[in-house]
Amino acid sequence: LKDSTFYLISNGDLQFTESTADVPDSLFYLSQGNIFRSHLMMDSLRNDSLLGPTHIFNRARQTFIIDKSRSYIAPGDTLYLTARLFKTDHWETDSITYMYTAQSNLFSEDDDSIRIDISQLLQYLVSNPKSMEYEGVFYYLNNEYYGFNHITIDPVLSELDIIYTKVRDE
């Protein structure tokens with residue numbers, strides 16, 4: 302899987318996105334706002350010839366590296382990132398089905414990275430045929446206490462580390 306491509310797709314809180322339009326499109330935003338849906342589409346993982354529907358994930362750990370120059374976490378806030386498996390045929394509406402939830406380590410303004418174990422989410426995604434137009438992992442920040450927190454992820458330094466067991470085909 303080292304050479305596989307995983308696409309980062311996101312849109313953001315409209316006011317925040319418009320006010321920071323100079324940020325390259327390739328960056329992955331996570332923010333606390335009303336109009337925001339950050340997600341990873343994992344079609345390339347599902348279609349990867351190395352993984353089959355019967356293979357077992359021992360670990361799928363995602364490490365996001367925070368671009369601190371383009372992020373803001375209010376002093377005193379302790380945050381965590383939540384990842385949920387989602388399915389929908391209509392991304393622009395609220396008809397989204399969520400299954401399985403994973404949470405990251407706690408992090409604050411002093412931290413450089415976020416780690417989250419998404420093994421269960423990816424096992425379900427790979428083991429089941431695609432049934433809706435949009436399927437993937439949805440992310441959002443929790444625990445906003447003092448300020449409007451937003452983080453920008455450096456996609457070059459971030460990684461998805463997968464260890465799996467290949468089950469013999471029957």
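Throughout, our numbering is defined as the position within the sequence shown, counted from one, plus 301. Beta carbons are placed, not taken as given, at the ideal position from N, Cα and C, and that holds for glycine. This one's a predicted model, so the numbers in the text were calculated from it and none came from an experiment.
Residue i - containing beta strand (DSSP E), residue span
i: LEU461; result: 451-466
Bridge-paired residues (DSSP) for residue i
i: SER414; result: ILE366
i: LYS431; result: BP columns for LYS431 are empty, so no partner.
i: ARG385; result: THR402 and PHE439
i: ALA375; result: Bridge partners of ALA375: none, in fact.
i: ILE357; result: THR466
i: LEU380; result: PHE408
Contact check, residue i vs residue j, beta carbons under 8 Å
i: ALA384; j: TYR440; result: yes
i: THR379; j: ARG416; result: no
i: LEU382; j: SER405; result: yes
i: LEU386; j: LEU341; result: no
i: SER428; j: ARG360; result: no
Below-8 Å beta-carbon distance, residue i vs any chain C residue
i: HIS451; result: Any reference to chain C falls outside this structure, which holds one protein chain only.
Exercise. Is it true that the region 450-465 meets the region 371-389, where meeting means three or more beta-carbon pairs spaced less than 8 Å apart?
Worked result: In the pairwise beta carbon analysis, the region 450-465 is classified as touching the region 371-389: at least three pairs are separated by under 8 Å.
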